[in-house]
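Numbering (this note's numbering), first residue to last: 1021 to 1177. Even for Gly, the Cβ is constructed at its ideal location relative to N, Cα and C.
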């Protein structure tokens, strides 16, 4: 181990530098900020339905189950009374954003649609429309949980 003595001059300059840097690094008091709209804490993007289907088909091929994607799509058709995902644009990606709202975390889901009425009709076993105010629709799940849907420019939020 190498030992080196600090001279009084070096020690003095280290103290001066430390005091000066702490004075410079101290931030000024912040001015009262205008109230900002909340920003997302996380945004998640997802591939389109078509891409998901291709990936599941590839996993099925690799795992020795070549009909995996077709089987899952058949189950989807059974669950939606043979409607599938009518009204959903299956070629565009999906997304979700998590936005803080006071003590809660609001989740916004973005789905590409071609026809929202068809999509809601296909999802009727899982969610039903219970109210409407202009372009905003209120949807209720079987457990009683409610959420709001807004359609805009081919997207549902």
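Spell out the partners DSSP gives residue 1179 in its beta bridges. Lying outside 1021 to 1177, the shown extent of the chain, residue 1179 is not represented and no answer is given.
Considering only residues of the same chain and omitting the five flanking positions on each side of residue 1156, which have a CB-CB separation below 6 angstroms? 1168 and 1170
Inter-residue Cα distance where the pair is residue 1085 and residue 1079: 8 angstroms
Going along the chain, which residues of its own chain have a beta-carbon closer than 6 angstroms to the beta-carbon of residue 1106, five neighbours each way excluded? 1138 and 1142
The segment 1085–1104 contacting the segment 1113–1120, beta-carbon criterion three pairs below 8 angstroms: no
Distance, residue 1122 Cα to residue 1077 Cα: 42 angstroms
State buried or exposed for residue 1067, treating a residue as buried only when at least 16 other CB atoms are found within 10 Å of its CB. exposed
Just tell me which of 1130, 1146 and 1108 has its CA closest to the CA of residue 1098. 1146
Under 7 angstroms Cβ to Cβ from residue 1015, same chain only, skipping five residues before and after it: list those, please. The structure shown does not extend to residue 1015, since the chain is modelled only from 1021 through 1177, so no value can be given for it.
In terms of residues, what are the limits of the beta strand (DSSP E) holding residue 1065? 1062–1066
Taking the straight line between their C-alpha atoms, what separation do you get for residue 1148 and residue 1165? 11 angstroms
Assuming residue 1174 and residue 1109 are in contact, meaning their beta carbons sit under 8 angstroms apart, how far apart are those beta carbons, in whole angstroms? 7 angstroms
Own chain residues within Cβ distance below 6 angstroms of residue 1162, not counting five before or after: none
Pull up the CB-CB distance for residue 1160 and residue 1176, whole angstroms please, since I reckon it's below 8 angstroms. About 16 angstroms; that fails the 8 angstroms criterion.
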